[in-house]
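In the numbering used here, the protein residues as written are 3 to 329.
Everything on this sheet refers to the single structure shown next.
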Ligand code: NAI
């Protein structure tokens, strides 16, 4: 199938080429899909997208006009796609429902360890030959209460790792995961979790119910000194309110792999640009905030899994017009 692959970079292109072998004709572009780059999709039957591409209704209508019939998402999340419009136009959309939940969960743990044990600061001090320890005090994870919002594939891997640290697990989800019992996880209301937990990890999808799930009222309810980890989607929290509760000292810190306004920012070189986003500047000025640029998925295993399922979706469409991962 002739496919235009948007938002490809040096790290994922080899995996896609390897998975496609000679079965599909892939054309790669670093450009994300948006109102300017949609024209590039002319003459393609299918396109492949990543999490920051824009597949809103007007873009989908243009794609339909160009004859695009299939859109393969190289992500679990599909919050960037107007599924209703796609259905109306008869454009098939499939995602990668699972690749490596370990990649994301392990990154969440890495961020937590780095922030709590002040590893970034310690490296800076070591490089300056300053071996004083006064600014580097962390806390034990053992016996701490960890709240997991969204106890699906990634949430459960994160839970298992934190269980290994000796943490007490609290879960909040619309559906209880049967595996949670084995970890002695207790399901609670969102409020109870916010009030009790030392660390809260977001592992739910972004949709109309979870948009700004954590805002002013929720941050206020969180325990003083608590740490928030967000490897889900930036839109699940209200950044402005998070900043308020970090700056007033109520929250102990935040580990953020995703950011509300990351589209067009993350995945690109902006070294010589002025980033006119004061909230972003405030976030990375805070000593108790650790930011990574949406890289939680970035392991060889995850990239290979994403590529294989994306190509399998294209193959299934070209053979019988439907894929098991159609949304
Ligand atoms: P999953 O579908 O296995 O689990 C999501 C869980 O969230 C489910 O148990 C679901 O019931 C729960 N949930 C849905 N709505 C909820 C609500 N309103 N309140 C509480 N819980 C709710 O998905 P998976 O694979 O664990 O991925 C979770 C999210 O992680 C994805 O949707 C995606 O946004 C994000 N993600 C981030 C990556 C990164 O690189 N930072 C990479 C991959 C995924």
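Backbone N, C-alpha and C fix where the C-beta goes; we use that ideal spot for every residue, glycine too.
Computed from a predicted structure; not experimentally measured.
Best match in the options for proximity to residue i [C-alpha to C-alpha]
i: residue 245; options: 261, 36, 12 and 85; result: 261
i: residue 11; options: 320, 322 and 297; result: 297
i: residue 241; options: 5, 282 and 329; result: 282
i: residue 308; options: 52, 5 and 107; result: 52
i: residue 189; options: 148, 143 and 111; result: 148
i: residue 110; options: 284, 43 and 230; result: 230
i: residue 258; options: 249, 294, 226 and 312; result: 294
i: residue 4; options: 47, 37 and 33; result: 47
i: residue 306; options: 327, 117 and 102; result: 102
i: residue 195; options: 301, 180, 151 and 235; result: 151
i: residue 138; options: 284, 126, 204 and 218; result: 126
i: residue 239; options: 203, 24 and 302; result: 203
i: residue 1; options: 222, 131 and 61; result: Outside the displayed range of the chain (3 to 329) lies residue 1, so it cannot be described from this structure.
i: residue 205; options: 44, 63, 237 and 146; result: 237
Beta-ladder partner(s) of residue i, from DSSP
i: residue 173; result: 150 and 189
i: residue 28; result: 5
i: residue 128; result: None, per the DSSP bridge assignment.
i: residue 328; result: 96
i: residue 204; result: 151 and 232
i: residue 2; result: In the structure as shown, the chain begins at 3 and stops at 329. Residue 2 is therefore absent and cannot be evaluated.
beta-carbon residue i near ligand 2 non-hydrogen atom, thresh 7 Å
i: residue 100; result: The ligand content of the structure shown is limited to ligand 1, which means ligand 2 is not among them.
Chain-order list of residues whose beta-carbon lies under 8 Å from that of residue i (same chain, five-residue window excluded)
i: residue 323; result: 94
i: residue 97; result: 75, 77, 78, 79, 80, 327 and 329
i: residue 178; result: 153 and 189
Close-in-space but distant-in-sequence residues of the same chain around residue i (CB under 6 Å, 5 per side omitted)
i: residue 21; result: 309, 310 and 313
i: residue 347; result: Residue 347 is absent from the structure shown; the chain starts at 3 and stops at 329.
contact_flag[the segment 80 to 92, the segment 268 to 277] where n(CB pairs < 8 Å) is 3 or more:
no
Can you give, in chain order, each stretch of the alpha helix (DSSP H) that sits fully within the segment 31 to 92 and has at least 4 residues?
59 to 68 and 85 to 91
Complete runs of the beta strand (DSSP E) confined to the segment 250 to 320 [at least 3 residues]:
255 to 258 and 291 to 293
Take every Cβ of the segment 155 to 167, pair it with every Cβ of the segment 207 to 222, and state whether three or more of those distances are shorter than 8 Å.
no
3-residue-minimum beta strand (DSSP E) runs that sit fully inside the segment 89 to 116, ordered along the chain
94 to 96
Is there contact between the segment 299 to 317 and the segment 21 to 41, where contact requires at least three CB pairs shorter than 8 Å?
yes
Stretch-stretch touch, CB-based, cutoff 8 Å, three pairs: the segment 65 to 73 with the segment 35 to 50:
yes
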